[in-house]
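Undergrad:
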Amino acid sequence: MTDTTGAPPVVQLDEYSRLSQLYFPVAVWTETLLYGVYACLFIATTRIMLKKQAAESFASRVFLVAGTINFILGTLHVAFALFRLIRAYALLVVPPYPIFYLFDFNRWDNFSHLVILALMTWVADGLVIYRCFLIWRRNYWIIILPTLLVLISMAMTFVNWRWFKHPEDFDPNVIKHIFNMVFPLNLAQNVITTSLIAAKIYMQHRASQRSGLQLSSAINLITIIRIIVESAMIYTILTVIIIILLFTLNPAVAIPQQCLAPVIGEPIRNPFYR
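The opening residue of the sequence shown carries number 1 in the UniProt record's numbering; numbering runs sequentially from there.
(1) By alpha-carbon positions, which one of T194, V65 and K165 ends up nearest to M49?
(2) Quick one: Cα of L41 to Cα of N173, how far?
(3) With a CB to CB cut of under 7 Å and the five nearest residues on each side skipped, what residues in its chain are close to F71?
(4) If you run the structure through DSSP and keep just helix, strand and coil, what is F103?
(5) Look up E15 in the DSSP assignment and say whether it is helix, strand or coil.
(6) Span of the alpha helix (DSSP H) holding L149?
(7) Buried or exposed: which applies to T248, given that a residue is buried once 16 or more other Cβ atoms fall within 10 Å of its Cβ?
(8) Do you know how far the Cα of C132 is from the Cα of S217?
(9) Nearest by alpha-carbon distance to residue 280: which of L85, T157, G126 and F58 is it?
(10) Output the boundary residues of the alpha helix (DSSP H) element that contains F183.
(11) When burial is assigned at 16 or more other CB atoms within 10 Å of the CB, is W141 buried or exposed?
(12) My output table needs one value for S217: the three-state DSSP class, helix, strand or coil.
(13) Could you tell me whether the Cβ atoms of L196 and W122 are closer together than 9 Å?
(14) Throw me the rounded Cβ distance for the I242 and V253 pair, which I believe falls under 8 Å.
(15) For the candidate residues S153, D109 and V115, whose alpha-carbon lies nearest to that of G126?
(16) Give me, in chain order, the residues of the same chain whose beta-carbon lies closer than 6 Å to that of A27; leave out the 5 immediate sequence neighbours on both sides.
(17) Going by C-alpha distance, which of E15, K200, A261 and V94 is nearest R107?
(18) Need the endpoints of the alpha helix (DSSP H) that A90 sits in, please.
(19) Quick one: any contact between the stretch 151-166 and the stretch 197-204, if contact means 3 or more CB pairs under 8 Å?
(20) Quick check on S60: does DSSP put it in helix, strand or coil?
(21) For V62, which option in L134, W29 and P167 has the closest C-alpha, if you only look at C-alpha atoms?
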């Protein structure tokens, strides 16, 4: 007679967890690929800024130092992602499924991963607001609303961190609304600053045309690139994708979320920030 009394019960994953477990390696691979591009941009633009002695002005020093800080954080982010991937899938630290390890935010590496991304986001948002402040000739009124949105987003992130560590302290019906508000707030702030920066660049372009400094009546490719890159539009588009996937409860949200770190650094490191 076969003895089955010692066989452990089979744990069945729900569909969301199963797909999340599937998407995580894809997300890490995509982040690593984008990080390679980000690293090349960081090295190239840093050399340009240093060769042109752009660090002589206060604004340029701010972008240089903050960009370097974000690059270090981005490097840690991808390193932690690979570390977690190995521990979850190769070492199977928390059997029987990798997802049990990945969703355990009481572990220092999982929680640190969240903190690093938040720090990168705040640095990037602060610099985009600062860029908007500079391009609008140091107009404080222009940046009041974006700054307020960033502060609210930071407060909600702190609450979310507490929830990740101590979920028993919160009502699930309440915390889910706070959790879901972080990315829309980031989007609102980025749309405002993107629109303000793009509008000012376009106004400067039109003024150059009227004064005869620019002969072409059409916006050239360089101008378009400046509008897109300087206004952090790539980051904004990625945030929209995350919100759509988040509110439709699509586990594929792990992929764009994981890619945020290298994308966040790109607007900071572009050579027009000097």
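Every residue, glycine too, gets a C-beta built ideally from N, C-alpha and C.
TA: Result, derived from the coordinates:
(1) What you label residue 49 is simply residue 49 of the sequence shown in a count that begins at 1. M49 has its Cα closest to that of V65, out of T194, V65 and K165.
(2) Against the sequence shown, residue 41 aligns to sequence position 41. Against the sequence shown, residue 173 aligns to sequence position 173. Whole-angstrom Cα-Cα distance: 43 Å.
(3) Your numbering for residue 71 matches position 71 in the sequence shown. If we look at F71 and ignore the five residues flanking it on each side, its Cβ neighbours are F42 and G265.
(4) Taking the sequence shown and counting its residues from 1, the one referred to as residue 103 is at position 103. DSSP places F103 in coil when its eight states are reduced to three.
(5) Within the sequence shown, residue 15 is the residue found at index 15, counting from 1. Correct three-state label for E15: helix.
(6) In the sequence shown, counting from the first residue as 1, residue 149 sits at position 149. That run of the alpha helix (DSSP H) goes I144 to K165.
(7) The residue labelled residue 248 in the question sits at position 248 within the sequence shown. That one is exposed.
(8) By 1-based counting over the sequence shown, the position of residue 217 is 217. By 1-based counting over the sequence shown, the position of residue 132 is 132. Reliability fails at S217, whose pLDDT of 49 lies under 50, so the model's placement of it is uncertain and no value is given.
(9) For residue 280 there is no data in the structure shown, the boundaries of the chain being 1 and 274.
(10) The residue you call residue 183 lines up with position 183 of the sequence shown. F183 -> alpha helix (DSSP H) spans P172 to S211.
(11) Counting from one through the sequence shown, the residue named residue 141 turns up at place 141. When all chains shown are included, W141 counts as exposed.
(12) Residue 217 sits at position 217 when you count from the first residue of the sequence shown. With a pLDDT of 49 at S217, under the threshold of 50, the predicted position of this residue should be treated as unreliable, though the coordinate-derived value follows. Three-state result, S217: coil.
(13) Stepping through the sequence shown from its first residue, residue 196 is reached at position 196. Stepping through the sequence shown from its first residue, residue 122 is reached at position 122. Their beta carbons are not under 9 Å apart, which means L196 does not touch W122 by this criterion.
(14) The residue labelled residue 242 in the question sits at position 242 within the sequence shown. The residue labelled residue 253 in the question sits at position 253 within the sequence shown. That pair is a contact at about 6 Å.
(15) By one-based count along the sequence shown, residue 126 stands at place 126. Among S153, D109 and V115, the Cα nearest to that of G126 belongs to S153.
(16) For this step, residue 27 is matched to residue 27 along the sequence shown. Taken in chain order, the residues that qualify are A254, I255 and Q258.
(17) Locating residue 107 in the sequence shown gives position 107, where the first residue counts as 1. Closest option to R107, Cα to Cα, is V94.
(18) Walking along the sequence shown from the start, residue 90 turns up at place 90. Counting along the chain, A90 falls outside any alpha helix (DSSP H), and DSSP gives it neither H nor E.
(19) no
(20) Mapped onto the sequence shown, residue 60 falls at position 60. Residue state, collapsed to three classes: helix.
(21) As a working mapping, residue 62 is identified with position 62 in the sequence shown. That would be L134, whose Cα lies nearest to the Cα of V62.
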